[in-house]
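S.K.:
In our numbering, the protein residues as written are 10 to 243.
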């Protein structure tokens, strides 16, 4: 099994995002830390696929004994490159049958969630993390100029506690599955996927400077509330 941490050099929203310091460590190191924990639990190999010389240097300096470096091809490092193709390329290079995908844009993972996801990965074909959305999806509208209609047709109620609670957001923090299934479906969300709801109120997913600020605030909130989450330790 491979645990894959993908990291492109280019980032339009936040230049140099993956190596930018996030609460004391490069952003990608938070996912490296999670990958190292999972590697012990799953008896797996950790691989970082990148075209970024800074990330390659970081691995060589601090992680060369625990993380393998995969040089990502230029045609898989574009804005238009699909993540499924990236994962399949790495799995082919290492002749892997199963994978775990940890995206560095989701740095905050609870220890309990990681343990549960490891157990699910060992017992299920495909595992996916998801989060409870901050705002209720029934409040979403589809806007057409200044007119709108509900995105979800539901019975209207003034009591928030009476609304459906089954809605979830696929946060991108964790995916695992069989390489053959990914090759056949080109999707990390096949029909037989098992979804694990994270304990955190929302899953941090950093794409913009605003996302970054919110993730830092969530980091500080998790500490203040006493949550046990994965931190780099080098």
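Where a beta carbon is used, it is the ideal one built from N, C-alpha and C, also for glycine.
Could you check whether residue 47 and residue 135 sit closer than 9 Å to each other, using their CB atoms as the reference points?
M.R.: Contact flag unset, no.
S.K.: Inspect the CB distances between the region 108-116 and the region 204-211 and report whether three or more fall short of 8 Å.
M.R.: Result no; under three Cβ-Cβ pairs closer than 8 Å.
S.K.: Per DSSP, what are the beta-bridge partners of residue 79 in this structure?
M.R.: In the DSSP output, where bridge partners are listed per residue, residue 79 has 58.
S.K.: Exposed or buried, residue 163, counting other C-beta atoms within 10 Å across all chains shown (16 or more means buried)?
M.R.: Exposed.
S.K.: Sorted by chain position, which residues of the same chain lie with C-beta nearer than 8 Å to residue 242's C-beta, five sequence neighbours on each side aside?
M.R.: So the qualifying residues of the chain are 42.
S.K.: Going by C-alpha to C-alpha distance, which of 229, 37 and 24 sits closest to residue 13?
M.R.: It is 37 whose Cα lies nearest to the Cα of residue 13.
S.K.: The alpha helix (DSSP H) with residue 152 in it runs from where to where?
M.R.: From DSSP, residue 152 is part of no alpha helix (DSSP H) but of the beta strand (DSSP E) over 150-153.
S.K.: Less than 9 Å between the beta carbons of residue 33 and residue 112, yes or no?
M.R.: It is not a contact, given that the beta carbons lie outside the stated cut-off.
S.K.: Do residue 50 and residue 124 come within 9 Å of each other at the CB atom, strictly closer than that value?
M.R.: Yes, they are a contact pair.
S.K.: What is the DSSP secondary structure of residue 12, counted as helix, strand or coil?
M.R.: Note: residue 12 maps to strand in three-state DSSP.
S.K.: Does the beta-carbon of residue 89 have 16 or more other beta-carbons within 10 angstroms, so that it is buried, or is it exposed?
M.R.: Flag for residue 89 reads exposed.
S.K.: Taking residue 143 as part of the beta strand (DSSP E), name the residues at either end of that continuous run.
M.R.: Premise fails: residue 143 is in no beta strand (DSSP E) and is neither H nor E.
S.K.: So, with DSSP's three-state summary, where would you put residue 236?
M.R.: Three-state DSSP puts residue 236 in coil, outside helix and strand.
S.K.: Given this structure, state the Cα-to-Cα distance separating residue 157 from residue 144, to the nearest angstrom.
M.R.: Roughly 18 Å separates the two Cα atoms.
S.K.: Can you give me the C-alpha to C-alpha distance between residue 69 and residue 102, rounded to a whole angstrom?
M.R.: Between residue 69 and residue 102, the C-alpha separation is close to 20 Å.
S.K.: To the nearest whole angstrom, what separates the beta carbons of residue 57 and residue 16, a pair I think is in contact under 8 Å?
M.R.: With a Cβ gap of about 6 Å, residue 57 and residue 16 count as contacting.
S.K.: Where DSSP assigns a beta bridge to residue 109, which residues make up the other side?
M.R.: Answer is 12 and 185, bridged to residue 109.
S.K.: Label residue 148 either buried or exposed according to how many other C-beta atoms from any shown protein chain fall within 10 Å of its C-beta, with 16 as the threshold for buried.
M.R.: Result: exposed.
S.K.: Cα separation between residue 55 and residue 72?
M.R.: Taking the straight line from one Cα to the other gives about 10 Å.
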